[in-house]
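K.L.:
Reminder that position 649 of the sequence shown reads as 649 in this note's numbering, one-by-one numbering, no gaps. Glycine included, each C-beta is placed from N, C-alpha and C at the ideal position.
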Amino acid sequence: MSGTSSRQHDGNLPAEATSFVDRRREISEAKRLLSTARLLTLTGVGGVGKTRLALRVADRVGRAFTDGVWLVELAALQDRSLLEQTVADAVGVRDRSARSPLEVLVGYLRDKQVLLVLDNCEHLADRCAGLAAELLPAVPGLRIMATSRHALSTPGEHILAVPPLPVPAPDRPLPPGKLVGNEAIRLFAERATLVRPDFAVTSDNHGTLARICRRLDGLPLAIELAAARLRELTPEQILHRLDDRFRLLRGGSQAVLPRHQTLRAVVDWSFELCSPPEQTLWARASVFAGGFDLDAVEALCAGDGIDRDQVLELVTGLVDKSILTREDQHHGSQARYRLLDTLRHYGQDVLRAAGDEAVLRRRHRDYYLGLAERGEAEWFGPTQLEVAARTRREHANLRAALEFSLSTPGESHKGLRLAAALYFYWQGCGFMAEGRHWLDRALARDTEPSKARANVLWTNAHLAVMQGDVPAAMALVEECRAWAQARGAVTTLAYAICVRGLVSWFSGDLPRSQALLEDALARFEALGELNSTMIKAYLALIVVAVFQGDLARAVALGQHARALCERHGEQWARAYTLHGLSFAEWVRGEVAQATRHAKESLRGMRVFSDTHGTAVLVERLAWIAGTAGEFERAAVLLGAADQVWPLVGGQPLMGFPHYVAAHEACERQARRVLGDRAFQAAFRRGNVLGLDQAIAYALGEPPQPAPASPAIGTKPLTPLTRREQQVAELVAAGLSNKDIAARLVIAQRTAEGHVERILTKLGFPTRTQLAVWVTEQRKTQER
């Protein structure tokens, strides 16, 4: 199968929750540096605005990166070895193979033009430096922009020190129209209106506001915290209290207060102005990683001086004081909150000093263990989608809970329980590689034989076999089976036999697989066990029956498994059951039924963002289209499947000989009917579709049809460099040289030189002719 081509992806940059204040000079300088540097690190003290600046720069240069701009948030990451996996998750790779995350990243990014924004690297600086050193030489189209309190200190790194906002001269009279021209004043005013909507900068208060911003050294976070005090203080009172605080800190010295002391002083002041219960809540909330909701705050932070009924009022108070940030986007009806990293570290210091950190971290772990076990119990049921969304939202907190359990003496047994309880998430939501990471750590940490360890063994074995790591799966499941047999643990033994049957399935021993899976299913039914693992056993038996030519039995198994899922409102395993059923129906020649079930299955895969299932189903629909005589559609779908497989990792079609043979037969027949040239053109049409476009095309959903076929006689595209092709596309879009320079983060003179060389290379005297040519050639451009 051919490799993927570049496609336009937007990336994952978040929408700005509050307005952004200018920073024109820094934005311009960062764009200039990114035009030549492949690794740019924005450095500066906490609270200076590195993250906001990086996001604004990334947004401005995004069009230069045809495969997207991807934010990787690292503040909450505690396990250093998960850095590469976190980056892979951020760019949308759901790798199912046993390859290392670094190998996966290099393979996926190799031919792409991507900007990675690594945010809050200071606690992982050496690891981030090592990642950059590995990725940049291997991925020519990659650029990295990092934010950190200090440099990563790696060769090739360019550093942009992010300064505080320029502060105004407090005694300089300004005309009314210029009062908010200064960036620091504007930031103060915009944040002030959040707590006092009638607030305005006037000639009367401008001097006071200027002195406040100067006193705060232009630090954005300090200015925002001070502005929040306008709810109960006047600007003059704020300035007076700042003067008193800094005079006390300096002990009368006239030396300039270092900026990190300035921020600490303002955070101290904000803390002291909180009520004692608010202070306690701030400190306790610092154990959360990333965001959290009200239920979690009530569970963790209530008690010992805080009534549960007080929590909402205290949270509201901390939001009003700009300590907590409320996040309303993409979380349905449930509001979520977050502590900025600087304020979270402050809260952790307070918690640690009070001797309460261990108690709160254990409480945090127990809460998220309960959430995971509730998700495990609810997964096979009508609330499955809600369970998936809830668990995804808490990914960072679940990581923190696992890290605490597996790095704290005496806590590893609960780490075993948590890692195993999240099995539904590791498998059903696309985090197999990370699941194995935690399961491996849990097994290494807690080596005493136990039921919890046995559950981790078969769970880890199941993930291993789904990754194609058969030797590891065999070793894990055999240890589990030996433990279960020795202790008469019948339920655990049933799972061990089931996974052992899957190992035989992947190994190609179909008779052995069938015997083991049927044994396991009989045991499950006797025990009353019904979950996704059991349904996946049915899927394996369906495929085994098809491979063995017993199509009637395959269809009967599929219909039975589907009925079990529908009876319980389960959707994810049902999608896999329909996937197996469509395979049996296609082999039986029931094209209409196979098409209907394959499309229904694909819709389910889309709902759960199951990239592996998507790749299989798009491929399956290509085979079905070929059987129906729709050879051009089959070729487009083969191309679409080809570009989805790299998101999955591992061997396309899992290396199953029957699947590979079906693929080859479909391609061979389509080439014979269409001819090589038309087949390649149709294949390319599918290969340039993004994931969502590929799914829509496979389902026949408007308004995302595949690109139109090129004319057979079209002259092949004259080779241009990647940069020249970008410039040519922008010329065709009607952009001037100045606009092209801005889009690609290059100098205008450089853009002019590119255009001149392209015109000379292609022999066109005018930009208009070039634009027409690009339009005609775009659909046949070689990757």
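1) By the three-class DSSP mapping on this structure, what secondary structure does residue 195 have?
2) Is the separation between the beta-carbon of residue 744 and that of residue 758 shorter than 9 Å?
3) Does the distance from the C-beta atom of residue 147 to that of residue 41 stay below 9 Å?
4) Consult DSSP for residue 338 and reduce its assignment to one of helix, strand or coil.
5) For a quick check, are the C-beta atoms of residue 76 and residue 375 less than 9 Å apart?
6) Which ranges would you report for the beta strand (DSSP E) in the segment 334-379 if only whole runs of at least 3 residues count?
7) Could you check what DSSP says for residue 143 in three-state terms: helix, strand or coil?
8) How big is the Cα-Cα spacing for residue 142 and residue 135?
9) CA-CA distance, residue 11 and residue 470?
10) Measuring only between beta-carbons, confirm whether residue 548 sits less than 9 Å from chain B.
11) Using a threshold of 9 Å, state whether the C-beta atoms of residue 539 and residue 501 are closer than that.
12) Mind pulling the alpha helix (DSSP H) runs of 4 or more residues that sit fully within the segment 484-544?
13) Between residue 351 and the rest of its own chain, which residues show a CB-CB distance below 8 Å, the 5 nearest in sequence each way excluded?
14) If you count every other CB in all the chains shown that lies within 10 Å of the CB of residue 733, and 16 or more means buried, which is it?
15) What residue does the beta strand (DSSP E) around residue 98 start on, and which one ends it?
16) Name the DSSP bridge partner or partners of residue 118?
17) Go to residue 39, then tell me how far its beta strand (DSSP E) extends in each direction, as first and last residue.
18) According to the neighbour-count rule (16 or more other Cβ atoms, all chains shown, within 10 Å of its Cβ), is residue 601 buried or exposed?
19) Contact between the segment 152-165 and the segment 31-39: three or more CB pairs below 8 Å?
20) Among the residues of its own chain, which have a CB less than 6 Å from the CB of residue 422, if the five just before and after it don't count?
21) Secondary structure at residue 558, three-state DSSP: helix, strand or coil?
22) Confirm, please, whether the CB-CB distance from residue 149 to residue 49 is below 9 Å.
23) According to DSSP, is residue 66 helix, strand or coil?
24) Using the three-state DSSP reduction, which class does residue 610 fall into: helix, strand or coil?
25) Can you say whether residue 490 is buried or exposed, counting buried as having 16 or more other CB atoms within 10 angstroms of its CB?
26) Three Cβ pairs or more, each shorter than 8 Å: is that satisfied between the segment 564-572 and the segment 515-534?
27) Mind checking who residue 292 pairs with in its DSSP beta bridge?
28) Give me, in chain order, the residues of the same chain whose beta-carbon lies closer than 7 Å to that of residue 594; leave out the 5 immediate sequence neighbours on both sides.
29) Which residues does DSSP pair with residue 327 in a beta bridge?
30) If you drop the 5 nearest sequence neighbours on each side, which residues of the same chain put their C-beta closer than 7 Å to that of residue 786?
31) In chain order, what residues of the same chain lie with their CB nearer than 6 Å to the CB of residue 396, ignoring the 5 residues before and after it?
32) Quick check: the Cα distance between residue 555 and residue 694, rounded to an integer number of angstroms?
33) In angstroms with no decimal places, state the Cα-to-Cα distance between residue 72 and residue 88.
34) Report all residues from its chain with a CB closer than 7 Å to the CB of residue 363; omit the five preceding and five following residues, and keep chain order.
35) How long is the line joining the alpha carbons of residue 437 and residue 164, rounded to whole angstroms?
36) Return the CA-CA distance between residue 398 and residue 226, expressed in angstroms with no decimal places.
P.N.:
According to the structure data:
1) Locating residue 195 in the sequence shown gives position 195, where the first residue counts as 1. DSSP places residue 195 in helix when its eight states are reduced to three.
2) By 1-based counting over the sequence shown, the position of residue 744 is 744. By 1-based counting over the sequence shown, the position of residue 758 is 758. With contacts defined by Cβ atoms closer than 9 Å, residue 744 and residue 758 do not form a contacting pair.
3) In the sequence shown, residue 147 corresponds to position 147, counting from 1. In the sequence shown, residue 41 corresponds to position 41, counting from 1. Between residue 147 and residue 41, the gap from beta carbon to beta carbon is short of 9 Å.
4) On the sequence shown, position 338 is the one that residue 338 refers to. Strand at residue 338.
5) Mapped onto the sequence shown, residue 76 falls at position 76. Mapped onto the sequence shown, residue 375 falls at position 375. No, these two residues do not count as a Cβ contact at 9 Å.
6) If you keep only unbroken beta strand (DSSP E) runs of at least 3 residues inside the segment 334-379, you get 336-339.
7) Here residue 143 corresponds to residue number 143 of the sequence shown, with the count starting at 1. If DSSP states are grouped into helix, strand and coil, residue 143 belongs with the strands.
8) Your numbering for residue 142 matches position 142 in the sequence shown. Your numbering for residue 135 matches position 135 in the sequence shown. Their Cα atoms are separated by approximately 8 Å.
9) In the sequence shown, counting from the first residue as 1, residue 11 sits at position 11. In the sequence shown, counting from the first residue as 1, residue 470 sits at position 470. Residue 11 and residue 470 have their alpha carbons spaced roughly 35 Å apart.
10) The structure shown contains no chain B; it is built from a single protein chain.
11) Along the sequence shown, one-based indexing puts residue 539 at 539. Along the sequence shown, one-based indexing puts residue 501 at 501. It is not a contact, given that the beta carbons lie outside the stated cut-off.
12) If we require 4 residues or more, the alpha helix (DSSP H) runs fully inside the segment 484-544 come out as 490-507, 510-527.
13) Indexing the sequence shown from 1 puts residue 351 at position 351. Short of 8 Å from the beta carbon of residue 351, and not among the five residues preceding or following it, lie these beta carbons of its own chain, in chain order: 283, 284, 286, 287, 357, 360.
14) On the sequence shown, residue 733 is found 733 positions in, with the first residue counted as 1. Classification of residue 733: exposed, given that the 10 Å Cβ count is below 16.
15) The residue given as residue 98 occupies position 98 in the sequence shown. No beta strand (DSSP E) contains residue 98, which DSSP labels as neither H nor E.
16) Position 118 of the sequence shown holds residue 118. According to DSSP, which records beta bridges pairwise, residue 118 is partnered with 72, 146.
17) Position 39 of the sequence shown holds residue 39. Per DSSP, residue 39 belongs to the beta strand (DSSP E) from 39-43.
18) Along the sequence shown, read from residue 1 onward, the residue named residue 601 stands at position 601. Looking at its Cβ environment, which holds 16 or more other Cβ atoms inside 10 Å, residue 601 is buried.
19) Because the criterion of three Cβ pairs below 8 Å is met, the segment 152-165 and the segment 31-39 touch.
20) By 1-based counting over the sequence shown, the position of residue 422 is 422. Its chain contains 372 as the residues whose beta carbon lies nearer than 6 Å to that of residue 422, once the 5 sequence neighbours on both sides are disregarded; these appear in chain order.
21) Mapped onto the sequence shown, residue 558 falls at position 558. Three-state DSSP puts residue 558 in a helix.
22) By 1-based counting over the sequence shown, the position of residue 49 is 49. By 1-based counting over the sequence shown, the position of residue 149 is 149. Cβ atoms of residue 49 and residue 149: not closer than 9 Å.
23) Counted from its first residue, the sequence shown places residue 66 at position 66. The three-state reading of DSSP puts residue 66 in coil, since its state is none of H, G, I, E or B.
24) As a position in the sequence shown, residue 610 is number 610, starting the count at 1. Three-state DSSP puts residue 610 in coil, outside helix and strand.
25) Walking along the sequence shown from the start, residue 490 turns up at place 490. Exposed, because fewer than 16 other Cβ atoms sit within 10 Å of the Cβ of residue 490.
26) Flag = yes, the segment 564-572 and the segment 515-534 touch.
27) Counting from one through the sequence shown, the residue named residue 292 turns up at place 292. Residue 292 pairs with 337.
28) The residue labelled residue 594 in the question sits at position 594 within the sequence shown. Cβ neighbours of residue 594 beyond the five flanking positions: 582, 585, 586, 624.
29) In the sequence shown, counting from the first residue as 1, residue 327 sits at position 327. DSSP output for residue 327 lists 336 as bridge partner(s).
30) Limits of the chain in this structure are 1 at one end and 783 at the other, which puts residue 786 out of reach.
31) Here the question's residue 396 lines up with position 396 in the sequence shown. Same-chain partners within the cutoff: 76, 289, 290.
32) As a position in the sequence shown, residue 555 is number 555, starting the count at 1. As a position in the sequence shown, residue 694 is number 694, starting the count at 1. Per the coordinates, the alpha-carbon of residue 555 lies some 28 Å from the alpha-carbon of residue 694.
33) Along the sequence shown, read from residue 1 onward, the residue named residue 72 stands at position 72. Along the sequence shown, read from residue 1 onward, the residue named residue 88 stands at position 88. So the two alpha carbons sit approximately 9 Å from each other.
34) Against the sequence shown, residue 363 aligns to sequence position 363. These residues qualify, in order along the chain: 300.
35) The sequence position of residue 437 within the sequence shown is 437, counting from 1. The sequence position of residue 164 within the sequence shown is 164, counting from 1. Straight-line Cα distance between these residues: approximately 40 Å.
36) Walking along the sequence shown from the start, residue 398 turns up at place 398. Walking along the sequence shown from the start, residue 226 turns up at place 226. Our two residues, residue 398 and residue 226, have alpha carbons roughly 34 Å apart in a direct line.
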